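Under the UniProt record's numbering, the residue at position 125 of the sequence shown is numbered 125, and the numbers go up by one with no gaps. Note that the Cβ used here is the ideal one computed from N, Cα and C, for glycine as well. A quick note: this is a predicted structure, and the numbers were derived from the prediction, not measured. What follows is a single structure, written as structure tokens, with notes after it.
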Amino acid sequence: MLKVAIVGGTGYGALELIRLMQHHEQITIHSIVSTSEEGELVSTRYPHLKGVVTNTFDALDINKIAKEVDTIFYATPAGVAKSQIEACTEDVQHIDLSGDFRLSKEDYEAWYGLSAPDKDALSQAVYGLSEVNKDAVAKAKILSNPGCFPTATLLALLPGIKESLIDTQDLVIDGKTGVSGAGRKQSLLTHYSETNENVTAYKLGKHQHIPEIERYLSEQAGEDVAITFTTHLIPMTRGIMMTCYGKLKDGVTEEGFIQAYKEFYKEEKFVRVRETGVPSTSEVYGSNYCDIGFHIHERTRRVIIVSVIDNLVKGASGQALQNFNIMNGLDEQMGLTVSPVYP
Ligand SMILES: NC(=O)C1=CN([C@@H]2O[C@H](COP(=O)(O)OP(=O)(O)OC[C@H]3O[C@@H](n4cnc5c(N)ncnc54)[C@H](OP(=O)(O)O)[C@@H]3O)[C@@H](O)[C@H]2O)C=CC1
Ligand SMILES: CC(=O)N[C@@H](CCC(=O)OP(=O)(O)O)C(=O)O
């Protein structure tokens, strides 16, 4: 059995890790850390976990924890994992769900407004888009889990970019997210009366996922890719839908396009490519799936690629667990075979 610790214990990402780990045959949750509820029984704070976990929230003492476990998951706001990893002197695996290690120093400082991790830690970190970066993930000691919008966007666009099916300089990406994407902390944006019966476009032109998506699309394309990207908050709890508009290259047919995606993901259990129609968020709810569907508009030669994920699973904790499995030589699907909850 492998022992793990989860930092950020009272937040949504941590709760989802706890839920998924109940289905994992090789994990013992040794420590659940909370800076706000230290000493409290987890199941007292969260009665839905009564009879599920017996842990008490532990203090954040990174070197003590690191001596006791194999892997530490950070489901914490930007800035926390970076400082804890820098302070950690033990040899342990770190899996960070935040944006701390996803960008270059310059981009992180510009887009997150925080000081970047030190050079050594940053250069060790591996970007954990599991399907695309498996070999590097397998060797990672610091795993940087992708953001929720980048996961759904990159999975939707990478085959089209890598196989030269779409123009890299004409990509429009429209994202819709449920409110849990903003985490458990209160904010005016996610207040019930601001979100109910309402749709809001937010962070236009300044979303922190823009440089993350551009960085990894550019890496795979071998040239600079600039995107037009807008996110919308919609009145549901979980789920992300990305609608990506691309210009088809000459000669690309609908059949060829779909076939290329099927081929690209043929070994991947968590990416389901549709031959007809487009997916909706309820079809992946609570699961680690990313579903992708297409519509090709012959008159304009545009392809519309729709991808959906559960932001808390494939967009955060599920992918973190998938990466944990790869890092530890386990079956990639361990703990993640639960089917979506529908309806
Ligand atoms: N929600 C989502 O869909 C996604 C989230 N993410 C990222 O994952 C991370 C976790 O997100 P999520 O769980 O939703 O966020 P939450 O706000 O729900 O939880 C974060 C938790 O972090 C802990 N925390 C807060 N400040 C500090 C601090 N200074 N030091 C140590 N711990 C702290 C708190 O737990 P406690 O009080 O118990 O210590 C808090 O509950 C974030 O970086 C987020 O951006 C990434 C993809 C998707
Ligand atoms: C609804 C909402 O606010 N969603 C968040 C998702 C952030 C996220 O996934 O986290 P990282 O910053 O760690 O990437 C947002 O759009 O910023």
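Enclosing alpha helix (DSSP H) for residue i [first to last residue]
{"i": "M327", "result": "G318 to M327"}
{"i": "S164", "result": "From DSSP, S164 is part of no alpha helix (DSSP H); its letter is neither H nor E."}
{"i": "Q220", "result": "H209 to A221"}
{"i": "T195", "result": "Y192 to T195"}
{"i": "Y112", "result": "K105 to Y112"}
{"i": "A201", "result": "Premise fails: A201 lies in the beta strand (DSSP E), T200 to Y202, not in any alpha helix (DSSP H)."}
{"i": "residue 382", "result": "With the chain covering only 1 through 343, there is no way to say anything about residue 382."}
{"i": "Q259", "result": "E254 to F264"}
{"i": "A14", "result": "Y12 to M21"}
When the options are compared against residue i, the one with the closest alpha-carbon
{"i": "I234", "options": "I161, L49, V199 and D100", "result": "V199"}
{"i": "V341", "options": "R274, H232 and R238", "result": "R238"}
{"i": "F101", "options": "V92, I27, A121 and Q84", "result": "A121"}
{"i": "L165", "options": "L321, L103 and I296", "result": "I296"}
{"i": "Y261", "options": "N323, D291, G335 and I213", "result": "D291"}
{"i": "D310", "options": "T76, G335 and V179", "result": "V179"}
{"i": "T177", "options": "Y285, T337 and H23", "result": "Y285"}
{"i": "I326", "options": "E131, T76, N55 and Y112", "result": "E131"}
{"i": "Y192", "options": "M236, I18, T54 and D224", "result": "M236"}
{"i": "S287", "options": "R274, T337 and A14", "result": "T337"}
{"i": "residue 358", "options": "I85, K203, D118 and K141", "result": "The question about residue 358 has no answer here: the residues shown for the chain are numbered 1 through 343."}
{"i": "E298", "options": "V252, I65 and G315", "result": "V252"}
{"i": "L114", "options": "S123, Q124 and S98", "result": "S98"}
{"i": "K50", "options": "E25, A75 and R19", "result": "R19"}
{"i": "A140", "options": "E25, S123 and G147", "result": "S123"}
{"i": "P117", "options": "A87, A221, A138 and G329", "result": "A87"}
{"i": "L143", "options": "N328, S339, L157 and V271", "result": "N328"}
{"i": "A138", "options": "G256, E332 and I65", "result": "E332"}
{"i": "L248", "options": "V53, V273, A59 and F294", "result": "F294"}
{"i": "E254", "options": "F270, R274 and V52", "result": "R274"}
Supposed contact pair residue j and residue i - C-beta distance, whole angstroms, cut 8 Å
{"i": "N145", "j": "Q319", "result": "6 Å"}
{"i": "F73", "j": "V126", "result": "With 8 Å as the limit, F73 and V126 do not qualify as a contact, their Cβ atoms being about 15 Å apart."}
{"i": "E214", "j": "A226", "result": "6 Å"}
{"i": "I240", "j": "V308", "result": "7 Å"}
{"i": "T231", "j": "F149", "result": "6 Å"}
{"i": "M21", "j": "G335", "result": "6 Å"}
{"i": "M312", "j": "E16", "result": "Note that residue 312 is Leu in the sequence shown here, rather than Met. That belief holds up - the Cβ atoms of L312 and E16 are roughly 5 Å apart, short of 8 Å."}
{"i": "H23", "j": "A5", "result": "Contact flag wrong, Cβ pair sits at about 19 Å."}
{"i": "I173", "j": "T151", "result": "Going by Cβ atoms, the distance from I173 to T151 rounds to 13 Å, so no, they are not a contact pair."}
{"i": "T168", "j": "E219", "result": "Not a contact, Cβ separation roughly 12 Å."}
{"i": "Y216", "j": "L129", "result": "7 Å"}
{"i": "Q26", "j": "L330", "result": "6 Å"}
Identity of the residues DSSP links to residue i by a beta bridge
{"i": "T56", "result": "L41"}
{"i": "H94", "result": "I72 and I142"}
{"i": "S307", "result": "M242 and I292"}
{"i": "T228", "result": "V172"}
{"i": "L2", "result": "I27"}
{"i": "I32", "result": "I6 and F57"}
{"i": "T177", "result": "L233 and I240"}
{"i": "R302", "result": "K247 and H297"}
{"i": "Y127", "result": "S144"}
N-terminal and C-terminal residue of the beta strand (DSSP E) that residue i is part of
{"i": "residue 402", "result": "Residue 402 falls outside the range modelled here, since the chain spans only 1 to 343, and no answer is possible."}
{"i": "Y342", "result": "Element bounds for Y342: n/a, residue is neither H nor E."}
{"i": "R272", "result": "V271 to V273"}
Evaluate the contact criterion for the stretch 100 to 111 versus the stretch 294 to 309: three or more CB pairs, one atom per stretch, below 8 Å.
Note that the stretch 100 to 111 does not touch the stretch 294 to 309; fewer than 3 beta-carbon pairs, one per stretch, sit closer than 8 Å.
For the 8 Å Cβ check, are there 3 or more pairs between the stretch 201 to 209 and the stretch 270 to 280?
Contact between the stretch 201 to 209 and the stretch 270 to 280 is absent: fewer than three C-beta pairs spanning the two stretches fall below 8 Å.
Stretch pair the stretch 28 to 38 + the stretch 68 to 87: three plus CB contacts closer than 8 Å:
The stretch 28 to 38, when compared against the stretch 68 to 87, does touch it at the 8 Å Cβ threshold.
Pairs of beta-carbons, one from the stretch 236 to 251 and one from the stretch 184 to 191, closer than 8 Å: are there three or more?
Here the stretch 236 to 251 makes no contact with the stretch 184 to 191; the two share fewer than three CB pairs at distances below 8 Å.
Three Cβ pairs or more, each shorter than 8 Å: is that satisfied between the stretch 52 to 71 and the stretch 88 to 98?
As far as the Cβ criterion goes, the stretch 52 to 71 touches the stretch 88 to 98, which means the pair count is three or higher.
Count the C-beta pairs between the stretch 42 to 50 and the stretch 1 to 21 that are closer than 8 Å, then say yes if the count reaches three, no if not.
Yes, they touch.
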